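Here's the structure, in structure tokens; my notes come after.
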Amino acid sequence: MTAIARIRFALLLAVATAGANAATLEQTTIKAGDVEVPLSIAVPAGKGPFPPVLFIHAKRGVDENEQKHIAELADQGFLVVMPDWQAGRMIERWPSEHDPATEGDVEAAMVYLMKHPKACKMPVGIVGQSRGPYYAIRLAAKRGKDIAAIASYYGHMQNPNAPEPDQLFRVAPEIMQITTPMLLLIGEQDFELRRMSNGRAFYALWERGVPVELQGYPLARRAFDFRADQTPEEKVATRHARQRVKDWLQRWMKLDGNGRCP
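Numbered according to mature numbering (1 follows the signal peptide of the UniProt record, and there is no 0), the sequence shown spans residues -22 to -1, 1 to 240.
Set out below in structure tokens:
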């Protein structure tokens, strides 16, 4: 075999191997009452079962950024289900108000995840962005035994419908109820109100003995992990955040050293 032929063979082998090891993305729908809820499912390569993770998107909706994020989680070994809590109810992107009915849609997606044939039979992990973590704490208050850990990217720690004084000076009542381990990730240049809310949630959880960590990222702005104009610092922050979330989920889902279910 010539040198050129060897190089071509190596490139073909690398492409084939990368394809074999890549996560697959699937689409389906489930019924939540009378509503058809679209789901995106990211399945790791290889033989299951896999540790289950529910991904709850922000009020900006679902696009290629969220699909990329759940694929990254699947590449880390997690079976990920992401409900589109807007599409089934014809909610436009960027809604100001929170629709409580959508909480049932997200819960139905979690039930689907727990019953998925490739999911380990165990409490799930939750990863949420912005408004997503509000759904997560609502679920944790209702079904804490079914949730092993929460990872929150710059999350709402108060009901979006709450009056202004509550937004400024209080956290959601669920923060005073839940016992689910929570990782809070936020850029130090995020909105002041969001940073205040995350800080208050951290202190409230820690004071109650709930496992909690607050990871702040210097020079990182709002939505640092998928901005089109990411700075070099925000790109590093994104890689660090993805690793921190992986470690947090593995720790509290009690996965082994290879990220497999116990």
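All C-beta atoms in this analysis are idealised placements derived from N, C-alpha and C, irrespective of residue type, glycine included. It should be emphasised that the depicted structure is a prediction, and the values quoted were computed from it without experimental measurement.
DSSP places T2 inside the beta strand (DSSP E), whose first and last residues are T2 to A10. The C-beta separation of R38 from W72 comes to about 6 Å, placing the pair in contact by the 8 Å criterion.
In terms of CA proximity to R178, G133 leads the group G133, R199, K96 and A201. Proximity to M231 across C98, G165 and A219 peaks at C98, based on C-alpha coordinates. If you compare the alpha carbons of A20, L233, A119 and R109 with that of N176, the shortest gap goes to R109.
For G133, the secondary structure class from DSSP, reduced to helix, strand or coil, is coil. Here N137 is buried. Its C-beta has 16 or more other C-beta atoms within 10 Å. Judged by their CB atoms, A1 and D41 are not nearer to each other than the 8 Å cut-off. When DSSP reads this structure, I156 sits in no beta bridge, so it has no partner. If only uninterrupted beta strand (DSSP E) runs of at least 3 residues are considered, those enclosed by the segment 5 to 71 are 13 to 21, 30 to 34 and 57 to 61. Under the three-state reduction of DSSP output, A206 falls in the coil class, being neither helix nor strand. The DSSP-derived three-state label of E81 is helix. Unbroken alpha helix (DSSP H) runs of no fewer than 4 residues, entirely contained in the segment 177 to 203, are not found. Contact check for L3 against A65 fails: the beta carbons are separated by 8 Å or more.
In the structure shown, E75 falls within a coil segment according to DSSP collapsed to helix, strand and coil.
Restricting attention to V58, L57, V59 and P78, the CA atom closest to the CA of R67 is found in P78. Less than 8 Å divides the Cβ of L192 from the Cβ of F180. The residue among K25, P29 and V21 with its C-alpha nearest the C-alpha of Q45 is V21.
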